[in-house]
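Protein chains: 2
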Amino acid sequence: MTVIALPAAGAMGAGLGCVLAAHGATVLTMTEGRSEATRHRAEQAGMRPASLNELARADLILSVVPPAIAVTTAGQIIAALPGGHRPIYADLNAISPDRSREIADIVAGHADFVDGGIIGAPPRADSTGGPLIYLSGNATDAASLMVKHGLKTKVIDGGIGAASAVKMCYGAMTKGITGLTSAMLLAAERAGIGEVLHAELSRSQSQLLTRSEQTLPDMYGKAYRWVDEMDQIAAFLTPERPESQIWQGLARFYQMLADDEASDKSQVSDLDHFLKRREKTLGNSSRST
Amino acid sequence: MTVIALPAAGAMGAGLGCVLAAHGATVLTMTEGRSEATRHRAEQAGMRPASLNELARADLILSVVPPAIAVTTAGQIIAALPGGHRPIYADLNAISPDRSREIADIVAGHADFVDGGIIGAPPRADSTGGPLIYLSGNATDAASLMVKHGLKTKVIDGGIGAASAVKMCYGAMTKGITGLTSAMLLAAERAGIGEVLHAELSRSQSQLLTRSEQTLPDMYGKAYRWVDEMDQIAAFLTPERPESQIWQGLARFYQMLADDEASDKSQVSDLDHFLKRREKTLGNSSRST
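Chains F and Y, in that order, give the protein sequences.
full-length UniProt numbering numbers the first residue of the first sequence as 1 and each following residue consecutively.
full-length UniProt numbering numbers the first residue of the second sequence as 1 and each following residue consecutively.
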């Protein structure tokens, strides 16, 4: 039986773990010192609690952790590998291609490294849908194991870093749009023109308004995780490119929203207030015919 | 007959001028020292060439100029007003509420100031469609004159600055999305994953891809004008807000694209290259069933 390790049972980690376990893999995760919610999520997903040393004996290790600890996670697992055991180590985190290559250097000589990036939301409990996992580098064996156990993968050319680059570009757009929309809905509320802007968006940018209604409330609780992803995107662009400043600003903005979510929620309340307006017709508009 | 002055016959100025002239107004503009294209555009729109002194005798002055010269334009026109003549001066530019109030101070005592913001593309030659012009402050008379001569207006509460705030928020979102999408399509090309990202966007972000195909090629020639608008949005947000950095970065990015458009067009070519890919199916994807 294939043993697959997912060090952390976050929403994505547990979602992938559930699919893998449902397709016959033994799925290990570390829950020691984690919250009761995480332990419960892991248990519901059919993942087995394991120590670091047990985790390191897996055939396939899938690193799905906050971007800020992707490097240290790799170092800890590689240090715990038993002698003579050479697993596949796939980093699926939202990190820059450079950071992925940094992890490849840590892993080199101890495990077979694969670069990865996850596009899409965690699999649902009913196991339909689920994200597409991009893989690059020598990824054939990793892809076979993952597909055999129910995950959707796409192996792409370009070597280590290519899959991370896809994830960077994609997340930069989707989370960038969410961020700059949030910033301006807050600005509209502060300027006292929230109702007017809502009516105008209903009239001429209904796709954007619908997208905001769907994505913003879901973002509040994730903003703290997006800070490092935005910083990774800025690093991916390199400081020489003027646009890297856009994602530096998005990182600081998401940090502010994360702090707000953890304190008095005044910003989050303003966003909710904007989004909950009823669509109003432009009643007092003067229009030519 | 109502005399309406539009100092500059740019794409928007001439578009509005054409509607106003078609609805019976005498429309004046300054073409001295402007390009042959501008003179031709003004003529086609039915606008009459006028000196600054003639312009200042109009009943209604609509300032539609690059944001960077909105203040100086106001100063020049106010200085040229004949004694005893008190026109309506409406600033319709993409400027911050603070800059609009600065212009209101220049105009005060000489003309009736109205704050404005234009949402939408210039009217087409057949005079259908056309933008919605938000007005705030003591805007009833200005709105009556504009509606009488074929324009679409909406008077909103909030005093001077409110209409400019609507324009800031709206332009920040639409031009922000165009900017950050462009930035990441370029990054994808540099990283060698343009084809993969195009396929992924076709699969999961088709609205965004369609929007990019429609808006990006139209942006190249306007990028130079958007630099100051992005800076105005950053100023509107105030430097204390972390998200102001997002629009500072967008301003620098559009400056780089404007410089590129005026030189070897290497960036613009990369964007075109991305957008002209045929939609490809994820042929070598490994998917579970």
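Where a beta carbon is used, it is the ideal one built from N, C-alpha and C, also for glycine.
Source: prediction; values computed, not measured.
*asked:* For a cutoff of 7 Å on Cβ pairs, would you count THR281 of chain F as touching chain Y?
replied: With a pLDDT of only 45 at THR281 of chain F, under 50, the local geometry of the prediction cannot be trusted, and no value is derived from it.
*Going by beta carbon distance, what residues of the same chain come within less than 7 Å of GLY137 of chain F, once the five residues before and after it are set aside?*
PHE113, VAL114, ASP115, GLY159 and ILE160
*Roughly how many angstroms separate the alpha carbons of ALA108 of chain F and ILE88 of chain F, rounded to a whole number?*
11 Å
*Within 7 Å (strictly less), CB to CB, does CYS18 of chain F reach chain Y?*
no
*Exposed or buried, which one is SER63 of chain Y when buried takes at least 16 other CB atoms within 10 Å?*
buried
_Check whether chain F comes within 7 Å of GLN207 of chain Y, counting only Cβ atoms and requiring the distance to be less than that._
yes
*Could you tell me whether the segment 237–255 of chain F touches the segment 228–242 of chain Y, where touching means 3 or more Cβ pairs closer than 8 Å?*
yes
*Going by beta carbon distance, what residues of the same chain come within less than 6 Å of MET1 of chain F, once the five residues before and after it are set aside?*
THR26
*Beta-carbon proximity of ALA191 of chain Y to ALA22 of chain F, cut-off 7 Å*: no
*In the DSSP assignment, find the unbroken alpha helix (DSSP H) run with VAL107 of chain Y in it and report its ends.*
97–107
*Roughly how many angstroms lie between the CA atoms of ALA56 of chain Y and THR73 of chain Y, to the nearest whole one?*
11 Å
*asked:* So, at 8 Å on beta carbons, what are the nonlocal neighbours of GLU54 of chain F in its own chain, with the 5 sequence-adjacent residues on each side left out?
replied: LEU28
*For ARG39 of chain F, collect the residues of the same chain with a Cβ closer than 6 Å to its Cβ; drop the 5 residues on either side in sequence, then sort them by chain order.*
THR31
*Inspect the beta-carbon positions of ILE106 of chain Y and GLY130 of chain Y and report whether they are closer than 7 Å.*
no
*Measuring CA to CA, which of F:ILE246, F:PRO97, F:PRO82 and F:ILE133 is closest to GLY13 of chain F?*
F:ILE133
*Select from the segment 102–123 of chain Y all residues with a C-beta closer than 8 Å to any C-beta belonging to chain F, and list them in chain order.*
ILE119 and GLY120
_Local Cβ density within 10 Å of THR140 of chain Y, reported as buried at 16 or more and exposed below that_ = exposed
_In this structure, how does DSSP classify ILE177 of chain F when only helix, strand and coil are distinguished?_
helix
*Spatial distance of GLY283 of chain F from TYR224 of chain Y (CA atoms)*: Reliability of the predicted coordinates at GLY283 of chain F is poor, the pLDDT of 46 falling under 50, and no value is obtained from them.
*Which residues of chain F have a Cβ atom closer than 7 Å to the Cβ of ARG225 of chain Y, listed in chain order?*
Correct list: empty, because the minimum Cβ distance to chain F is about 17 Å.
*Which term fits GLU213 of chain F, buried or exposed, when burial requires 16 or more other beta carbons within 10 angstroms of its beta carbon?*
exposed
*asked:* Using 7 Å as the threshold, is the C-beta distance between GLY176 of chain F and LEU180 of chain Y below it?
replied: yes
*Where does ASP264 of chain F land, buried or exposed, given buried means 16+ other C-beta within 10 angstroms?*
exposed
*Report the three-state DSSP secondary structure of VAL64 of chain F (helix, strand or coil).*
coil
*asked:* My assumption, with CB atoms under 8 Å, is that GLU200 of chain Y sits in contact with ILE119 of chain F. Please give the rounded CB distance.
replied: 6 Å
*Which stretch, first to last residue, makes up the beta strand (DSSP E) that contains GLY117 of chain F?*
112–119
*Could you name the residues of chain Y that LEU250 of chain F contacts, counting a contact when the two beta carbons are closer than 7 Å?*
ILE246
*asked:* Assuming ALA258 of chain Y is part of the beta strand (DSSP E), what are its boundary residues?
replied: Careful: ALA258 of chain Y lies outside any beta strand (DSSP E), inside the alpha helix (DSSP H) at 244–261.
*Could one say the Cβ of PHE274 of chain Y lies closer than 7 Å to chain F's Cβ atoms, at least one of them?*
no
*Proximal chain F residues relative to ALA187 of chain Y, where beta-carbon distance stays under 9 Å*: ALA165, MET168, CYS169, ALA172, ILE233, PHE236, LEU237, ARG241 and GLU243
*asked:* Given this structure, state the Cα-to-Cα distance separating ASP272 of chain F from SER182 of chain F, to the nearest angstrom.
replied: 10 Å
*Any idea what DSSP makes of GLY15 of chain Y, helix, strand or coil?*
helix
_Cβ shell of SER285 of chain F (< 6 Å), same chain only, five flanking positions each side left out_ = The predicted model places SER285 of chain F with a pLDDT of 45, which falls under 50 and marks its position as unreliable; any figure quoted below should be read in that light. Excluding positions up to five away in sequence, the list is empty.
_One or two residues paired with LYS154 of chain F in a DSSP bridge_ = F:TYR134
*asked:* Can you give me the C-alpha to C-alpha distance between GLY24 of chain Y and VAL3 of chain Y, rounded to a whole angstrom?
replied: 9 Å
*Which term fits THR281 of chain F, buried or exposed, when burial requires 16 or more other beta carbons within 10 angstroms of its beta carbon?*
Low confidence applies here, because THR281 of chain F scores a pLDDT of 45, under 50, leaving its location unreliable; read the following figure in that light. Exposed, since its Cβ has fewer than 16 Cβ neighbours within 10 Å.
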